[in-house]
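In the working numbering, the protein residues as written are 1 to 233. Ideal Cβ positions, reconstructed from N, Cα and C, are used throughout, including at glycine. Quick caveat, the model's predicted, so the values are computed rather than measured.
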Amino acid sequence: MNFYIMTLFPEMIMQGLNTSILGRAIERGNISVNAVNIRDYTTDKHGKVDDYTYGGGAGMLMQAQPVYDAYLAVQKMIGERTRVIYVTPQGKTFSQEMAKELAGEDNLVFLCGHYEGIDERVLEEIVTDYVSIGDYVLTGGELPAMVMIDAIARLVPGVLHNDESAATESFHNDLLEYPQYSRPEVWRDKRVPEILLSGNHAKVDEWRLEQSIERTKRLRPDLYEKWEKRQIK
């Protein structure tokens with residue numbers, strides 16, 4: 001899977017994603033991450049990519065021309081039109097379900113705004129998906145883009161060594177993940193639940209499901225309600 005991130009801060013993207021699990025996935029060729037510097041496509045001799053907004057208001061706005069030309073360059077790399085995700089608090093809230101859907105794409109383009117945002121005309125021209133990671137405002141779209149890429153990439157086959165990992169974590173099947181334990185068996189007088197030491201895999205699976213249900217009901221009643229409705233069906 002190939003990720004293309006249109007940004008004014010490509011070094012931030014590459015430093016953030018080229019490490020740990022994703023870094024190793026890039027080395028193995030499971031995914032590729034391409035940070036495209038919007039500033040490289042401005043026609044302004046001083047490298048300017050922003051200007052004052054018409055109608056007045058605080059802050060500067062990213063201009064349409066450099067964003068559009070950067071987009072054309074990305075499309076030329078890909079060879080076909082693909083989904084372009086604009087990272088904005090005005091978009092649909094990102095979720096695990098959306099991550100699964102996007103993980104089925106061969107190519108994804110992320111557009112990271114900055115300053116007061118981006119000229120509406122280019123957004124209308126190129127953006128297919130408006131996506132938010134929450135109801136708050138950040139200084140730019142780079143961090144949200146990295147959050148989404150991390151969530152999507154780990155669902156791509158081969159990125160995680162243990163194929164079961166993505167299928168047993170929080171939000172799978174609308175349930176939170178069960179509690180987990182490692183050595184030693186006793187730490188600060190707290191013991192690992194005996195069932196996990198029994199070797200009875202069927203009983204362990206049953207216990208884990210019970211714990212996931214209980215934890216979801218207690219911590220995320222909204223998710224529990226979704227899960228419960230699906231059981232009735």
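Per DSSP, residue 47 is not a residue of any alpha helix (DSSP H), being assigned neither H nor E. In the DSSP assignment, residue 85 falls outside any alpha helix (DSSP H) and within the unbroken beta strand (DSSP E) covering 84 to 93.
For residue 129, the enclosing beta strand (DSSP E) has its first and last residue at 129 to 132.
Counted as a single uninterrupted DSSP element, the stretch harbouring residue 182 is not any alpha helix (DSSP H), since DSSP gives it neither H nor E. Inter-residue distance for residue 173 and residue 118 is about 37 angstroms (C-alpha atoms, whole angstroms). By the criterion of a C-beta distance shorter than 6 angstroms, residue 223 is surrounded in its chain by 174, 216, once the five residues flanking it on both sides are discounted. Excluding its 5 nearest sequence neighbours in each direction, residue 73 has C-beta neighbours in its own chain below 8 angstroms: 36, 41, listed in chain order. Rounded to whole angstroms, residue 185 and residue 191 show a C-alpha spacing of 6 angstroms. Following the DSSP letters along the chain, one finds residue 32 inside the beta strand (DSSP E) bounded by residues 32 to 37. Residue 90 and residue 129 have their C-alpha atoms roughly 11 angstroms apart. No Cβ-Cβ contact shorter than 7 angstroms links residue 9 with residue 108. Exposure of residue 55 is indicated by the presence of fewer than 16 other C-beta atoms within 10 angstroms of its C-beta.
Between the alpha carbons of residue 144 and residue 198 lies a distance of about 42 angstroms. Under DSSP, residue 111 takes part in a beta bridge, and its partners are 6, 86. Within a 10 Å sphere around the beta-carbon of residue 46 sit fewer than 16 other beta-carbons, which makes this residue exposed. Closest option to residue 62, judged by alpha-carbon separation, among 79, 133, 208, 44: 44. Rounded to the nearest whole angstrom, the C-alpha separation of residue 115 and residue 84 is 20 angstroms.
Take residue 178, set aside five residues on each side of it, and the residues of its chain with a beta-carbon closer than 6 angstroms to its own are 208, 211, 212, in chain order. If you ignore the 5 residues before and after residue 53, its C-beta comes within less than 7 angstroms of the C-beta of 61, 116, all in its own chain and listed in chain order. In the three-state reduction of the DSSP assignment, residue 22 falls in the helix class, which pools H, G and I. Distance between residue 76 and residue 225, taken at the CA atoms: about 45 angstroms.
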